[in-house]
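Right, one structure below, let's go through it.
Chains as they are written, first to last, in the numbering used here: chain L, 1 to 333; chain V, 334 to 666.
Encoded structure:
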């Protein structure tokens, strides 16, 4: 079905109130979740609302708890998410990293005991729109094999880089698995094969068959051994600095609900000394990429975040398409 | 030939003096370069010494210049490398990021006008050995196509994550191209095909043929579009914050020598509030990976940096093997 941004936000707001959220939390969370659909990322927006509701109902997500500081040293702080709503905690901690950066040039918050932040780009964009460079990442449940293992012992630990650009921003948001399980499921249900190998089949061979990969759960890290190594280090850094649960510990929690919980997240904000220099460099880089010879005449060269920005424009104008099944999971909360 | 670490370091020290370096710079640079070979990474150690000598001779590397601060705001500083020796500038700036982190919890230096740092892991290890978490990256000359382009318009922009671990460290150092040109050249000269596609052949097809890829120069970013996007953002951030040259600008400098120059680098250090927590989390993560089922009975599961640590031990005991041809390029300086 087609809904306007305001209608979608209002529906989410009311459902959050029904789940027990106070008005401030319902307002802010509905805005973040609806914006994910507005940007064309419903997989990390409305498609996950049901999981939030389920977690609230079984007590693994305490909807009115919000992150509070645990320790502080200058520009670096550790916060405890108190099992609150992931989108709220992440937004609070990125705001805090920005406040620390405003004072100290750079600021960092390591957050523990939080829940799924839905779409990592949200927090990179939050910072970049206010003029800050941002780096953030999250750990996850073990959902990706390490290089050389069959077993899922690492997280796909999405990593986000964002920078302000003129009155907009550039953002790169990517999990460290080549394809998400969501993307694999979607391709399988549509009968498509993947354009590039996304994992291993049951014979241990690299495969473009999304159903086979979903079965073995042996998804491929980006860059093979490289993405595996980056994932391991991101988990060490975020769980070590926050003293929260690391990926293997998250995996041992057991699945009270369908979603992972008690995650750690890292938020780094940097205040550019010279905003004009940032714009000039960014423009030069974009121009070089946009003017490079394309692989063929049909290929449109894209800048990270460009697709979402154009979907946002279109969806604001024409309305947001929400899958009927997903809409049902929301209205039935 | 086989040389001891001390012999290698002494030879490099003397050659640096001959190139005009003062004793302090020759001492520190010879240590860093020799340690790269000690760790088994001669491709980023002795193999690049000739390029340093060439750059000194043609005036693009001013051997006794060292980085100096340009601007400072709390925990974030911009430094100018004044075309000095890359290994010295990088080491100075990582030390400075650590000093800022000691005071502020986190510290960051964005460096411009520097030269090739040889092996990025050196500076991650430098910080991790002293108990700091480190993130650093460099931009490069345009040496990798963006996703969707044939032309090399992005850098492979190596990205490093490091963390202290007990009396040692864990370090992940990787360029954003799947294989370096060095690795492609080595495989080609040994008549090997690559285990995984490393780029495109002249027909525009993904290829495991290293000679073909070296010819087209269409190396593959890790994770296809993902590594391409990360590379673009790393360049925006490092060139924008330091107000130094971005990748396309570096590409326009023209090649006075065989090596890239006037690069930008980013150094972030974080002081863990709780070093014991870092060790506990790291141990849990390593144990989970090491105990996961391997893909087959021959595969040894590796932790990032593990290979270099064991080579260091072996090379300290048995001596370092330096390629005869490379040794000649050094002694003939």
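Note that beta-carbon positions come from the ideal geometry of N, C-alpha and C, so glycine has one too.
Proximal chain L residues relative to residue i, where beta-carbon distance stays under 8 angstroms
{"i": "residue 622 of chain V", "result": "146, 149, 153, 154 and 232"}
{"i": "residue 507 of chain V", "result": "223, 226, 229 and 230"}
{"i": "residue 726 of chain V", "result": "The question about residue 726 of chain V has no answer, for chain V in this structure spans 334 to 666."}
{"i": "residue 357 of chain V", "result": "What residue 357 of chain V touches in chain L: nothing, since even the nearest Cβ is about 29 angstroms away."}
{"i": "residue 552 of chain V", "result": "What residue 552 of chain V touches in chain L: nothing, since even the nearest Cβ is about 12 angstroms away."}
DSSP state of residue i mapped onto helix, strand, coil
{"i": "residue 218 of chain L", "result": "coil"}
{"i": "residue 165 of chain L", "result": "strand"}
{"i": "residue 59 of chain L", "result": "coil"}
{"i": "residue 369 of chain V", "result": "helix"}
{"i": "residue 545 of chain V", "result": "helix"}
{"i": "residue 51 of chain L", "result": "helix"}
{"i": "residue 622 of chain V", "result": "helix"}
{"i": "residue 190 of chain L", "result": "coil"}
{"i": "residue 180 of chain L", "result": "coil"}
{"i": "residue 401 of chain V", "result": "strand"}
{"i": "residue 137 of chain L", "result": "strand"}
{"i": "residue 660 of chain V", "result": "helix"}
{"i": "residue 322 of chain L", "result": "coil"}
{"i": "residue 99 of chain L", "result": "helix"}
{"i": "residue 634 of chain V", "result": "coil"}
{"i": "residue 611 of chain V", "result": "helix"}
{"i": "residue 284 of chain L", "result": "helix"}
{"i": "residue 557 of chain V", "result": "coil"}
{"i": "residue 427 of chain V", "result": "helix"}
Under 9 angstroms by beta carbon: chain L residues contacting residue i
{"i": "residue 337 of chain V", "result": "In chain order: nothing, as chain L lies at least about 30 angstroms away."}
{"i": "residue 511 of chain V", "result": "223, 224 and 226"}
{"i": "residue 611 of chain V", "result": "236, 237, 239, 240, 241 and 243"}
{"i": "residue 300 of chain V", "result": "Missing from the structure shown is residue 300 of chain V; chain V here goes from 334 to 666 and no further."}
Euclidean distance between Cα positions of residue i and residue j
{"i": "residue 607 of chain V", "j": "residue 395 of chain V", "result": "41 angstroms"}
{"i": "residue 406 of chain V", "j": "residue 376 of chain V", "result": "37 angstroms"}
{"i": "residue 447 of chain V", "j": "residue 128 of chain L", "result": "27 angstroms"}
{"i": "residue 398 of chain V", "j": "residue 449 of chain V", "result": "14 angstroms"}
{"i": "residue 458 of chain V", "j": "residue 637 of chain V", "result": "12 angstroms"}
{"i": "residue 306 of chain L", "j": "residue 312 of chain L", "result": "10 angstroms"}
{"i": "residue 464 of chain V", "j": "residue 496 of chain V", "result": "8 angstroms"}
{"i": "residue 367 of chain V", "j": "residue 380 of chain V", "result": "11 angstroms"}
{"i": "residue 355 of chain V", "j": "residue 176 of chain L", "result": "44 angstroms"}
{"i": "residue 619 of chain V", "j": "residue 259 of chain L", "result": "24 angstroms"}
{"i": "residue 423 of chain V", "j": "residue 181 of chain L", "result": "40 angstroms"}
{"i": "residue 390 of chain V", "j": "residue 352 of chain V", "result": "8 angstroms"}
{"i": "residue 299 of chain L", "j": "residue 481 of chain V", "result": "6 angstroms"}
{"i": "residue 264 of chain L", "j": "residue 654 of chain V", "result": "43 angstroms"}
{"i": "residue 601 of chain V", "j": "residue 440 of chain V", "result": "6 angstroms"}
{"i": "residue 220 of chain L", "j": "residue 578 of chain V", "result": "35 angstroms"}
{"i": "residue 359 of chain V", "j": "residue 452 of chain V", "result": "17 angstroms"}
{"i": "residue 325 of chain L", "j": "residue 174 of chain L", "result": "26 angstroms"}
According to DSSP, residues forming a beta bridge with residue i
{"i": "residue 507 of chain V", "result": "V:492"}
{"i": "residue 582 of chain V", "result": "In the DSSP output, where bridge partners are listed per residue, residue 582 of chain V has none listed."}
{"i": "residue 200 of chain L", "result": "L:206"}
{"i": "residue 412 of chain V", "result": "V:402 and V:444"}
{"i": "residue 149 of chain L", "result": "V:627"}
{"i": "residue 265 of chain L", "result": "L:111 and L:138"}
{"i": "residue 144 of chain L", "result": "L:154"}
Where residue i meets chain V, residues with beta-carbon distance less than 8 angstroms
{"i": "residue 248 of chain L", "result": "617, 618, 620 and 621"}
{"i": "residue 335 of chain L", "result": "Lying outside 1 to 333, the shown extent of chain L, residue 335 of chain L is not represented and no answer is given."}
{"i": "residue 192 of chain L", "result": "None at all; the shortest Cβ gap to chain V is about 17 angstroms."}
{"i": "residue 71 of chain L", "result": "606"}
{"i": "residue 209 of chain L", "result": "Within chain V, no residue comes near residue 209 of chain L; the closest Cβ sits about 18 angstroms away, beyond 8 angstroms."}
{"i": "residue 304 of chain L", "result": "562, 565 and 566"}
Interface partners of residue i on chain V, CB under 7 angstroms
{"i": "residue 281 of chain L", "result": "569, 572, 573 and 579"}
{"i": "residue 272 of chain L", "result": "573 and 574"}
{"i": "residue 299 of chain L", "result": "481"}
{"i": "residue 170 of chain L", "result": "566 and 569"}
{"i": "residue 196 of chain L", "result": "557"}
Interface flag, residue i vs chain B, CB-CB below 8 angstroms
{"i": "residue 441 of chain V", "result": "Annotation note: the requested chain B is absent from the structure, which comprises protein chains L and V."}
Integer Cβ distance of residue i from residue j, believed to fall under 8 angstroms
{"i": "residue 112 of chain L", "j": "residue 243 of chain L", "result": "6 angstroms"}
{"i": "residue 648 of chain V", "j": "residue 568 of chain V", "result": "Residue 648 of chain V to residue 568 of chain V, Cβ: 34 angstroms. No contact."}
{"i": "residue 37 of chain L", "j": "residue 8 of chain L", "result": "6 angstroms"}
{"i": "residue 504 of chain V", "j": "residue 605 of chain V", "result": "No, residue 504 of chain V and residue 605 of chain V are not in contact; Cβ-Cβ is about 16 angstroms, not under 8 angstroms."}
{"i": "residue 238 of chain L", "j": "residue 143 of chain L", "result": "About 16 angstroms separates the two Cβ atoms, so there is no contact after all."}
{"i": "residue 573 of chain V", "j": "residue 277 of chain L", "result": "6 angstroms"}
{"i": "residue 483 of chain V", "j": "residue 295 of chain L", "result": "6 angstroms"}
Neighbour list for residue i in chain L, Cβ cutoff strictly below 7 angstroms
{"i": "residue 496 of chain V", "result": "233, 236, 237 and 240"}
{"i": "residue 408 of chain V", "result": "74, 75, 104, 105 and 106"}
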